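Taken in order, the sequence shown gives residues 1 to 273; the numbers are from full-length UniProt numbering. Heads up, the thing below is written out as structure tokens.
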Amino acid sequence: MKEHERDSVIDPLQMEKQEWKKRQLQHRFKQLLTITSPIFIVLLWELLSRTGLIDARFFPPPTEIVGTFWAMGMSGELFHHVGISLYRIFAGFLLGVIPAIGIGLLMGLYSPIRHFLSPLIMALMPIPTLALLPIIIILFGVGEVSKVVTIAGSVFFPVVINTVAGVINIDRIYLDVAKNYGADSKNFFFKIALPGSLPVMLEGVQMGQAIALLTIVAAEMMGANSGIGYLIWTSYKAFLIKEMFVGLVLISFFGYLFSLMLRGLQTKLLPWR
């Protein structure tokens, strides 16, 4: 083969390396955009507040909010509110998710159970959990249990509905293979239904964690003497706007953090997606 012909031959390995480098550059560019957008908003906010284009009484500069955050952290007040809220969120989240997954799997697998429970779930789901808070307080009192139950009720419905949808949408061929090989109920439940429903189920769990954060803030505003929601509400009533923004930033941060954690879990459990 002549030299110019050899040069014109495409090296598959070299092409693959170039494609890999291209994908890496695209991934880094997307990561850069993800980091850039919040930084841009914060810098713009700082500029507008410092120049008086927006009212600094209602939108104090982010640098001053950071100073307030630091002062509250050093005093220990901030960690007290955060610890209480995280306890309520995790306890309510688990109390809502675990039974929701079990009931959702049973409803998806067994038609009689689905037809029996569906009307109840469809009737209760549109009712905001906070609207049931008076009944929850009557049943469980005004302590921690009522707040945990309130969060659990909010989380339960999106998880159970997505779990049912995940089971129903499992490819029929997997169900037929399991039946043909005589899989018992236990194996069918844990090796077919649970893994097969995971993609849709985890979307429901992701939705549930966002609802848990919304609910805890509202619940702590209405009947609590501690927590991030309580911090936001009392700061607002006292016109302590910087402290109020500290609470809002914390909720935003934890929402983003929990979302990343669940996405990471989804990547581990569903590596093919």
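The beta carbon of each residue, even a glycine, is placed where N, CA and C say it ideally should be. Since we're looking at a predicted model, the values are computed, not measured.
query                                                                                                                        : result
Beta-carbon contacts of Phe258 that lie in its chain and below 6 Å, excluding the five residues immediately before and after : Gln209
When Phe239, Ala212, Ile161 and Arg88 are compared against Ala224, the one with the closest alpha-carbon                     : Arg88
Residues of its chain near Arg114, where Cβ-Cβ distance is below 6 Å and the 5 sequence neighbours each way are ignored      : Met107
Range covered by the alpha helix (DSSP H) that runs through Val189                                                           : It is worth fixing the name first, because residue 189 is Phe in this sequence and not Val. Premise fails: Phe189 is in no alpha helix (DSSP H) and is neither H nor E.
Collapsed DSSP secondary structure at Phe157 in the structure displayed                                                      : helix
Nearest to Ile173 (by Cα), restricted to the options Leu94, Ile41, Ile192 and Gln14                                          : Ile192
Candidates Gly141, Ala152, Leu105 and Tyr110: closest to Pro128 by CA position                                               : Ala152
Tyr110 burial status per 10 Å Cβ neighbour count (16 or more: buried)                                                        : exposed
Cβ-Cβ distance between Val148 and Ala91 below 8 Å                                                                            : yes
Span separating the alpha-carbon of Val164 from that of Glu46                                                                : 47 Å
Spatial distance of Ile84 from Ile136 (CA atoms)                                                                             : 19 Å
Three-state class that DSSP yields for Thr150 in the structure shown                                                         : helix
Chain-order list of residues whose beta-carbon lies under 8 Å from that of Phe58 (same chain, five-residue window excluded)  : Ile241
With 16 other Cβ atoms within 10 Å as the buried cut-off, status of Pro126                                                   : exposed
Cut-off 6 Å between Cβ atoms - residues of its own chain near Ile130, not counting five sequence neighbours on either side   : The amino acid occupying residue 130 in the given sequence is Leu; Ile does not appear at that position. Here the set comprises Ala218.
Any chain C beta carbon closer than 8 Å to Lys186                                                                            : No chain C appears in the structure shown, which is made up of a single protein chain.
Alpha-carbon spacing of Asn169 relative to Gln24, whole angstroms                                                            : 34 Å
Pairwise C-alpha distance: Pro62 and Ile33                                                                                   : This sequence places Leu at residue 33; Ile is not what is there. Each residue's alpha carbon lies about 21 Å from the other.
Rounded distance between the beta-carbons of Leu105 and Phe188, thought under 8 Å                                            : 10 Å between Cβ atoms; not a contact.
Burial state of His27, where buried means 16 or more other Cβ atoms lie within 10 Å                                          : exposed
Length-filtered (3 minimum) beta strand (DSSP E) runs lying within the region 47-135                                         : none
For Asn169, the three-state DSSP class (helix, strand or coil)                                                               : coil
Buried or exposed (CB count within 10 angstroms, at least 16 for buried), Ile98                                              : exposed
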